[in-house]
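Per our numbering, the very first residue in the sequence shown carries number 23; after that it's consecutive. Even for Gly, the Cβ is constructed at its ideal location relative to N, Cα and C. These figures come from a predicted structure and were not determined experimentally. Structure record follows, encoded as structure tokens.
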Amino acid sequence: MEVRNVSEWGPGGWRVRGSAVSVELVLSQGEIAASEIGPSQRDGFVIELTALEPDADVPTDIAARAQTIVVEVRANDPGSLRRLERLRERHPRLIVVAAARDTSLASVRAMLRVGASDVVPLPLLRSELEAVIDRLGERIVEARPAPGKLVAVIKSVGGVGATALVTQLAALYASREAKAQRQTALLDLDLQNGNVATYLGLDANLTVGDLLEAGSRLDLTVLRSIPVTHAGGLAVFAAPVDILPLEAIDTDQMCNLVDLARTSYDTVFLDLPNDWTNWSLSLISRASTILFTVDLTIASLRKAQRQLALLERLGIPPEAVRIVVNRAEKKMFRSIDLSDAERVLKRPVAFTLANDFALVMAALNEGILVGDIKGKSRLSRDLSAMMDGLDELLGRS
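Right under this line is the structure:
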């Protein structure tokens with residue numbers, strides 16, 4: 023466990039870095055100053071400190087990102103006790119620890135009665151903090167939410183529109199998921215040709231490259247500092263500005279990055295490079311659903327055939343891979359149709375997207391969604407149907 027002094031971080035306070043189990047400390051400025059938290063060797067938690075008066079409601083985003091919260095309570099202050107009670111009512115799965123100066127039997131009973139799981143005395147000492155973490159260790163791990171769903175988008179060949187698809191789909195899906203209080207992220211892992219941020223009209227100061235450079239320093243705090251947020255709520259992790267050699271990326275490091283993202287977001291979309299690497303294959307094996315984008319050309323279908331064979335050899339279940347045909351047209355306009363694609367690939371086509379090249383290019387060039395230009399287009403309807411299908415695949419229908 024690494025402890026940093028409050029002065030090093032400003033109002034954000036000190037951090038304890040370890041695994042992705044999050045513990046929040048909410049104390050008044052006076053108690054922060056009185057606390058004695060020195061260096062420690064304990065690992066296994068990410069702890070963040072927030073300065074807040076003892077009767078002020080804990081912000082929803084702070085409570086939502088933690089599995090455990092240590093919150094200051096003044097037992098003789100009805101407003102402070104009501105805050106504790108409201109916190110428990112609004113976040114029933116959250117483990118709430120009361121930190122109080124008054125730890126008399128009557129006060130402890132009062133705090134337990136309104137929702138505290140445990141009580142730790144103030145001023146807060148390192149040893150007391152570690153003791154309460156030890157007591158609640160198993161419950162903290164049990165309260166840790168299941169990892170977010172991982173949706174990997176791959177392509178048969180370059181130019182089939184996979185990046186255009188994932189940007190439009192992820193942005194629309196994030197807006198829908200926000201209504202259910204679920205968060206969505208899109209990681210542009212096409213480290214040499216990534217255009218996700220550009221296609222969404224976003225300027226990113228920090229990128230996936232900064233996450234990779236963080237190395238062992240990578241934690242939830244660093245992760246959350248990187249993305250730029252789209253209007254609908256999608257957290258976009260842009261591809262690096264400088265081209266990175268794909269094989270130079272450490273597989274464990276990339277997998278840890280994505281695993282960490284899954285602890286912070288309910289759904290994580292990945293836009294993967296066209297060329298296979300050890301790390302991209304490892305990520306594919308973790309995916310809840312793989313959206314394999316093809317078009318109705320001989321080159322695309324032949325390459326897709328070979329890639330599907332590779333995925334089978336690697337033990338990827340066929341049902342995890344869903345074929346998406348982009349730029350689909352009726353038979354009269356093409357020599358190859360959907361039935362031909364299914365025959366060649368020996369897989370059913372799960373989703374189709376209408377061929378509206380002019381609409382897509384207009385949206386990408388302006389950095390907006392196709393629905394913002396033409397909300398009732400066939401392509402918009404196809405994207406909506408695809409979201410419904412994705413909900414079913416992810417067990418959210």
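Quiz item: For residue 337, is the classification buried or exposed, using 16 other Cβ atoms within 10 angstroms of its Cβ as the cut-off for buried?
Solution: Reading the sequence shown from its first residue, position 315 is the one you call residue 337. Exposed is the call here.
Quiz item: First and last residue of the alpha helix (DSSP H) that includes residue 360?
Solution: Taking the first residue of the sequence shown as position 1, residue 360 is located at position 338. Start and end: 360 to 367.
Quiz item: Going straight from the alpha carbon of residue 344 to that of residue 408, what length do you get?
Solution: The residue labelled residue 344 in the question sits at position 322 within the sequence shown. The residue labelled residue 408 in the question sits at position 386 within the sequence shown. Taking the straight line from one Cα to the other gives about 11 Å.
Quiz item: Near residue 392, which residues of its chain fall below 7 Å by C-beta distance, leaving aside the five closest residues on each side in sequence?
Solution: Reading the sequence shown from its first residue, position 370 is the one you call residue 392. Counting only Cβ-Cβ distances below 7 Å, and skipping sequence neighbours, we find 190, 381, 382, 385, 399, 401, 402.
Quiz item: What is the DSSP secondary structure of residue 382, counted as helix, strand or coil?
Solution: Taking the first residue of the sequence shown as position 1, residue 382 is located at position 360. Helix.
Exercise. Can you check DSSP and say which residues form a bridge with residue 91?
Key: As a position in the sequence shown, residue 91 is number 69, starting the count at 1. Note: residue 91 sits in a beta bridge opposite 46, 118.
Quiz item: So what does DSSP say about residue 100, is it helix, strand or coil?
Solution: Position 78 of the sequence shown holds residue 100. Note: residue 100 maps to helix in three-state DSSP.
Self-check item: Contacts around residue 33, its chain only, beta-carbon distance under 7 Å, and the 5 residues preceding and following it disregarded
Solution: Sequence index remark: in the sequence shown, residue 33 carries index 11 (1-based). Note that residue 33 scores a pLDDT of 34, beneath 50, so its modelled location is shaky; the value from the coordinates is reported in the next line. Excluding positions up to five away in sequence, the list reads 73.
Quiz item: Is there contact here, the segment 282 to 297 with the segment 174 to 191, by at least three beta-carbon pairs under 8 Å?
Solution: yes
Quiz item: Which residue from 411, 247, 138 puts its Cα closest to that of residue 158?
Solution: The sequence position of residue 158 within the sequence shown is 136, counting from 1. With distances taken between Cα atoms, residue 158 lies closest to 138.
Exercise. Thinking residue 209 and residue 282 are a contact (beta carbons under 8 Å), I'd like their distance in whole angstroms, please.
Key: Here residue 209 refers to the residue found at position 187 when the sequence shown is read from its first residue. Here residue 282 refers to the residue found at position 260 when the sequence shown is read from its first residue. Incorrect: roughly 11 Å between the Cβ atoms, too far for contact.
Self-check item: Contact under 8 Å by Cβ, residue 228 with residue 245
Solution: Here residue 228 refers to the residue found at position 206 of the sequence shown. Here residue 245 refers to the residue found at position 223 of the sequence shown. The answer is no: Cβ separation not under 8 Å.
Quiz item: When burial is assigned at 16 or more other CB atoms within 10 Å of the CB, is residue 249 buried or exposed?
Solution: In the sequence shown, residue 249 corresponds to position 227, counting from 1. It is buried - the Cβ of residue 249 has at least 16 other Cβ atoms within 10 Å.
Self-check item: Distance CB(residue 118)-CB(residue 93) smaller than 8 Å
Solution: Along the sequence shown, read from residue 1 onward, the residue named residue 118 stands at position 96. Along the sequence shown, read from residue 1 onward, the residue named residue 93 stands at position 71. Yes, the Cβ-Cβ distance between residue 118 and residue 93 is below 8 Å.
Practice problem: State whether the segment 117 to 136 contacts the segment 144 to 157, with contact taken as three or more CB pairs (one from each stretch) at a distance under 8 Å. | Solution: yes
Practice problem: Can you give me the start and stop residues for the alpha helix (DSSP H) that residue 202 sits inside? | Solution: Taking the first residue of the sequence shown as position 1, residue 202 is located at position 180. Segment: none, residue 202 is in no alpha helix (DSSP H) and carries neither H nor E.
Quiz item: Do the CB positions of residue 389 and residue 221 come within less than 8 Å of each other?
Solution: In the sequence shown, residue 389 corresponds to position 367, counting from 1. In the sequence shown, residue 221 corresponds to position 199, counting from 1. Closer than 8 Å, so yes.
Quiz item: Just checking my contact of residue 276 with residue 313 at CB under 8 Å: how many whole Å lie between their CB atoms?
Solution: In the sequence shown, counting from the first residue as 1, residue 276 sits at position 254. In the sequence shown, counting from the first residue as 1, residue 313 sits at position 291. Between residue 313 and residue 276 the Cβ distance is about 19 Å, and since that is not below 8 Å, they are no contact.
Practice problem: Starting from the C-beta of residue 76, find all residues in its chain whose C-beta is less than 6 Å away, skip the five residues before and the five after it, and write them out in chain order. | Solution: By one-based count along the sequence shown, residue 76 stands at place 54. Within the same chain, residue 76 has close Cβ partners 50, 94, 96, 102.
Quiz item: Mapping DSSP to helix, strand and coil, what is residue 261?
Solution: Locating residue 261 in the sequence shown gives position 239, counting from the first residue. Coil.
Quiz item: If you run the structure through DSSP and keep just helix, strand and coil, what is residue 58?
Solution: As a working mapping, residue 58 is identified with position 36 in the sequence shown. Strand.
Quiz item: Taking just the CA atoms, how far does residue 71 sit from residue 346?
Solution: In the sequence shown, counting from the first residue as 1, residue 346 sits at position 324. In the sequence shown, counting from the first residue as 1, residue 71 sits at position 49. Residue 346 and residue 71: Cα-Cα distance of roughly 45 Å.
Quiz item: Can the beta-carbon of residue 290 be found closer than 8 Å to that of residue 207?
Solution: Your numbering for residue 290 matches position 268 in the sequence shown. Your numbering for residue 207 matches position 185 in the sequence shown. Yes.
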